[in-house]
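What follows is a short report on a single structure.
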Ligand code: SF4
């Protein structure tokens with residue numbers, strides 16, 4: 082069996098920057114309580130690493146971000162960090178206004194989409210946003226204006242409430258799949274004439290997806306290392322499945338089932354933008370050992 086380490090894979094700039102911000106804040110404030118509002122990025126291994134910095138993550142889908150902020154004891158002079166996915170700007174402002182020290186780890190690519198949408202609304206455009214339902218990034222975008230129309234799949238297109246005679250602008254979540262974007266855009270183009278598009282899938286997500294689309298055709302099993310909560314990781318799995326390759330999402334070494342490799346000739350491995358390098362490397366090391374063992378057996 083052969084192993085191909087697909088590149089690029091793993092950490093993107095947005096995740097590296099968010100992680101560096103947490104480390105800096107923790108280092109400069111050793112005696113203060115620090116809270117992360119929402120998972121910094123969608124990876125449980127990362128959350129455990131962040132806990133080691135004595136930063137407490139508060140994330141509860143049943144409680145609004147504002148309620149989370151209110152639940153923090155202000156008398157202890159706490160610090161709050163907002164996640165890389167983006168947060169409703171009003172919540173961030175609220176946290177500042179009530180006297181919390183605030184850091185915002187929102188990825189620059191998400192911030193750029195937020196700015197662009199605001200600019201387009203100010204210029205009289207109606208907005209259609211393609212994203213994943215209930216994902217923090219989509220929620221942060223939808224919080225910008227109540228008129229933004231949300232499309233998570235082609236079935237949502239008929240539910241859009243928009244004036245076809247006025248200007249329409251379409252953009253999207255940074256980590257959706259290339260296929261999803263173009264499938265939806267194709268239908269929107271037929272339905273609306275007065276429409277402009279900007280594909281805002283970030284370079285990191287796009288390049289990792291393209292690497293799976295273009296991976297060696299002899300790969301007959303694909304391992305995608307990442308967390309089930311991570312949208313960009315799930316999209317890499319979808320790319321593998323679309324190529325009819327047996328694909329498994331694994332969060333760490335203990336998820337590997339060696340029965341998967343029986344009769345397999347060529348395994349590909351990739352990882353999501355939020356997957357720590359050490360997690361992927363630990364799996365690669367074990368697989369290389371396994372392959373050496375297999376080859377040794379074959380030589381006997
Ligand atoms: S996947 Fe893209 S948008 Fe998300 S943190 Fe990484 S660079 Fe930023």
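Numbering (this note's numbering), first residue to last: 82 to 381. Yeah, the Cβ is synthetic: ideal placement off N, Cα and C, and Gly gets one too. No experiment lies behind these values; they were computed from the predicted model shown.
In this structure, residue 292 has its CB at a distance of at least 7 angstroms from all heavy atoms of the ligand SF4. In the displayed model, residue 197 falls within a helix according to three-state DSSP. At least one heavy atom of the ligand SF4 falls within 7 angstroms of the beta-carbon of residue 256. Annotated three-state conformation of residue 247 is coil, per DSSP. The residues 286, 312, 313, in chain order, have a CB closer than 6 angstroms to that of residue 256 in the same chain once the five nearest residues on each side in sequence are set aside.
In this structure, the beta-carbon distance from residue 352 to residue 293 does not fall below 8 angstroms.
Within the region 262-339, complete beta strand (DSSP E) segments of at least 3 residues are found at 276-278, 302-306, 327-331, given in chain order. About 5 angstroms separates the Cβ atoms of residue 249 and residue 207, confirming a contact at the 8 angstroms cut-off. Of 362, 270, 203, 377, the smallest CA-CA separation from residue 307 is found for 362. Contact between the region 177-190 and the region 132-146 is absent: fewer than 3 CB-CB pairs across the two stretches fall below 8 angstroms. In this structure, the ligand SF4 has a non-hydrogen atom nearer than 7 angstroms to the beta-carbon of residue 95.
For the 8 angstroms CB-CB criterion, residue 191 and residue 167 form a contact.
Within the model, the alpha-carbon separation for residue 125 versus residue 234 is close to 27 angstroms. Taking all protein chains shown into account, residue 357 has 16 or more neighbouring C-beta atoms within 10 Å of its C-beta and is therefore buried. Around the CB of residue 375, fewer than 16 other CB atoms lie within 10 Å, so the residue is classed as exposed.
Taken in chain order, the complete beta strand (DSSP E) segments of 3 residues or longer contained in the region 173-235 are 182-185, 207-211, 230-232. Rounded to the nearest whole angstrom, the CA to CA distance from residue 354 to residue 91 is 5 angstroms.
In the structure shown, the three-state DSSP call for residue 121 is coil. The three-state secondary structure of residue 105, taken from DSSP, is helix.
Considering only 213, 158, 120, the residue with the shortest C-alpha distance to residue 315 is 213. In the structure shown, the three-state DSSP call for residue 134 is coil.
With a cut-off of 8 angstroms on Cβ pairs, the region 143-162 is in contact with the region 94-112, counting three or more such pairs. In the same chain as residue 196, and ignoring 5 residues on each side of it, no C-beta atom comes closer than 7 angstroms to its own. Sixteen is the threshold: since fewer than 16 other Cβ atoms of the shown chains lie within 10 Å of the Cβ of residue 205, the residue is exposed. Taken through DSSP and simplified to helix, strand or coil, residue 145 comes out as coil. DSSP places residue 345 in the coil class of the three-state scheme, outside both helix and strand.
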